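Here's the structure, in C-alpha cells; my notes come after.
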Amino acid sequence: MSCRGFGILVLAGAAAVCSFGQTDGLRAAARRRGFLVGAAVNPSLLAQDAYASALAREFNLVVAENAMKFAPTEPARGEFNFDGADRMAEFARAHGMKVRGHNLVWHQSLPKWLTEGSWSREEAMQILHDHIRAVMAHFKGKLLCWDVVNEAIAYGQPFGPQKSFWLEKIGPEYVDMAFRWAREADPDVKLYYNETGGEGAGAKSDATYKLVKGMRDRGVPIDGVGLQMHVTVQRAPTVEALSANIKRLGKLGLEVQITEMDVRIPVPVADTDLIAQADVYRNVARACLANSNCKALITWGVSDAHSWIPAKHPGFGAALLFDAEYRPKPAYQAVVDVLGSR
Ligand code: XIL
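Numbered per the numbering used here, the sequence shown spans residues -8 to 333.
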C-alpha cells in the first residue's frame, strides 16, 4: 500500500489510485515492456529538482515543447540557436533517454524575419531546405525521430490544407519536399508526420490517412505518424477506433506514436473527473500497446504545474499524469497498470 517516493493520493471510492498498483513506476514498467513513455520538456525547468527528478525517474523519452521549433532555432536567417534543445538533449543522454525532434515544418512558431519578408517561391524553398539541413545536421545521431511536418491539414472541416506561410509561398508540395530534404539530411533518423484531432475515427483521421497514403504511393520517405491526442474526456477516441486507425497506418508500413497526449478536465478538479481522465489514458495506452507498430506514448508536459492547457483552454487544466506537486494521479496508475498487463 505505498506509492514509493510519491506519497499516496487519496481518492474515496477510486480503485485506480497509486496505492493499489505496481509501485516502481512508469519508466520501469515501460522498460520491462520495451516501450517508450515520454514527456514534452521546457529546458529552462530542468534546473528545478522536482521537475528534473520526476522526468528522469518516470520517462525514457523527451521531446522539446517549443525549443526545436523554427522561431527559436533560426532567429535570424542562417543564424541558428540550439541552446535550450542542446540542454535537453544532454539531459536525455545523461539519463539514458531517447529524444524526439519536434518540429521542422509548421505553420506556427515562425520568425518575423521570415513571415514579414517578401520571398519568391524559389527563395522560400531555399529557406526551408536550408533550415531542415542545418537543424538536422546539428542533431544528427542524437534523435530517434523527427516530426518533419506538423499539422499540414486544417483544424476544421473540410480538412483541406492548413493555411500557412509554406502553403502560400510554395504550394501543397512543400510537404513532400520537406520529407525528401529530411531524408537527404539524415538517412538514419525516423521521419514522422504529426497531426492533431485525427486520432480515432472521423474525417480528420481519414484526411490524415489519405495524406500519408499519398506520400507512400509517391515514394516520399516517411516512417511514421504522430497522433497528438490533445483531448477531453468527452471527445477522446474509443479503444476500438484508435486501434483501428493505428492498424490501418500500420498496413501502410508506418509506425505510430502518441505524441502529445493530455486530457484536459475542468478546474478546480473533481475526483470523478480524475477517474474519467484515467479511463481515457488507460484506453489510449491499451490501443497503442495492442498494436506492434505503436511505439511510444508521450504526454505534453511532465506535471500539471507546467502545461499549455490553462492558457490555451481557460477553465480547464490538470491534463497530465502528475499533479502540480508531482504526485501521481489516477491516470498515472492506469497507464502503469496497462504497461504491466499482458
Ligand atoms: C504548443 C506549446 O505547448 C505552447 O507552449 C506554445 O505556446 C504553442 O505550441 N500541437 C503541437 C505543439 O504540435 O507544438 C503545440 O505546442 C501544441 C499543439
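Glycine residues also receive a C-beta, built at the ideal position from the N, C-alpha and C atoms.
Bear in mind that the values here come from a model prediction, so they are computed numbers and not experimental data.
Out of the options, which one is the CA nearest neighbour of residue i?
{"i": "serine 35", "options": "Val28, Ala43 and Gly29", "result": "Ala43"}
{"i": "alanine 322", "options": "Glu56, Asp270 and His304", "result": "Asp270"}
{"i": "glutamate 81", "options": "Ser111, Gly132 and Ala62", "result": "Gly132"}
{"i": "tryptophan 172", "options": "Gln39, Val126 and Tyr272", "result": "Val126"}
{"i": "isoleucine 249", "options": "Asp15, Gly29 and Ala45", "result": "Gly29"}
{"i": "alanine 315", "options": "Ser332, Glu251 and Ala296", "result": "Ala296"}
{"i": "isoleucine 118", "options": "Ala302, Phe156 and His86", "result": "Phe156"}
Using the Cβ count rule (16 or more neighbours within 10 Å means buried), how would you classify residue i?
{"i": "threonine 106", "result": "exposed"}
{"i": "lysine 242", "result": "exposed"}
{"i": "lysine 160", "result": "buried"}
{"i": "tyrosine 165", "result": "buried"}
{"i": "serine 111", "result": "exposed"}
{"i": "phenylalanine -3", "result": "In this prediction, phenylalanine -3 has a pLDDT of 43, which is less than 50 and means its spatial position is unreliable; what the coordinates show is noted afterwards. Phenylalanine -3 comes out buried."}
{"i": "glutamate 251", "result": "buried"}
{"i": "tyrosine 317", "result": "buried"}
{"i": "tyrosine 184", "result": "buried"}
{"i": "glutamate 56", "result": "buried"}
{"i": "aspartate 74", "result": "exposed"}
{"i": "glutamate 142", "result": "buried"}
Could you name the residues of the same chain whose beta carbon sits closer than 8 angstroms to that of residue i, not counting the 5 residues immediately before and after it, in chain order?
{"i": "alanine 67", "result": "Pro102 and Trp104"}
{"i": "lysine 181", "result": "Leu135, Cys136, Trp137, Asp214, Gly215 and Glu246"}
{"i": "isoleucine 144", "result": "Phe150, Gly151, Pro152, Gln153, Glu186, Gly189, Lys195, Ala198, Thr199 and Leu202"}
{"i": "leucine 280", "result": "Arg24, Phe26, Val329 and Leu330"}
Consider the Cβ of residue i: report whether some Cβ of chain D lies at a distance smaller than 8 angstroms.
{"i": "serine 109", "result": "This model lacks chain D altogether, as it is built from one protein chain only."}
Between which residues of its own chain and residue i is the CB-CB distance below 6 angstroms, once the five residues before and five after are set aside?
{"i": "histidine 122", "result": "Glu65"}
{"i": "glycine 12", "result": "For glycine 12, the predicted structure reports a pLDDT of 47, less than 50, and the residue's modelled location is therefore unreliable. The matter cannot be settled from this model."}
{"i": "valine 139", "result": "Leu95, Ala169, Phe170, Ala173 and Leu182"}
At a cut-off of 7 angstroms, is residue i close to the ligand XIL when judged by its beta-carbon and the heavy atoms of the ligand?
{"i": "threonine 263", "result": "no"}
{"i": "glutamine 219", "result": "yes"}
{"i": "glutamate 49", "result": "no"}
{"i": "glutamate 190", "result": "no"}
{"i": "histidine 297", "result": "no"}
{"i": "tryptophan 137", "result": "no"}
{"i": "asparagine 57", "result": "yes"}
{"i": "tryptophan 157", "result": "no"}
{"i": "histidine 304", "result": "no"}
Near residue i, which residues of its chain fall below 7 angstroms by C-beta distance, leaving aside the five closest residues on each side in sequence?
{"i": "valine 260", "result": "Ala309"}
{"i": "alanine 278", "result": "Val230, Leu233, Ser234 and Ile237"}
Length-filtered (4 minimum) alpha helix (DSSP H) runs lying within the region 143 to 193: Restricted to the region 143 to 193, the alpha helix (DSSP H) segments that are unbroken, complete and at least 4 residues in length are 156 to 161 and 165 to 176, listed in chain order.
In chain order, each alpha helix (DSSP H) run of at least 4 residues that lies wholly inside the region 259 to 305: The region 259 to 305 contains, as complete alpha helix (DSSP H) runs of 4+ residues, the segments 262 to 280 and 300 to 303 (chain order).
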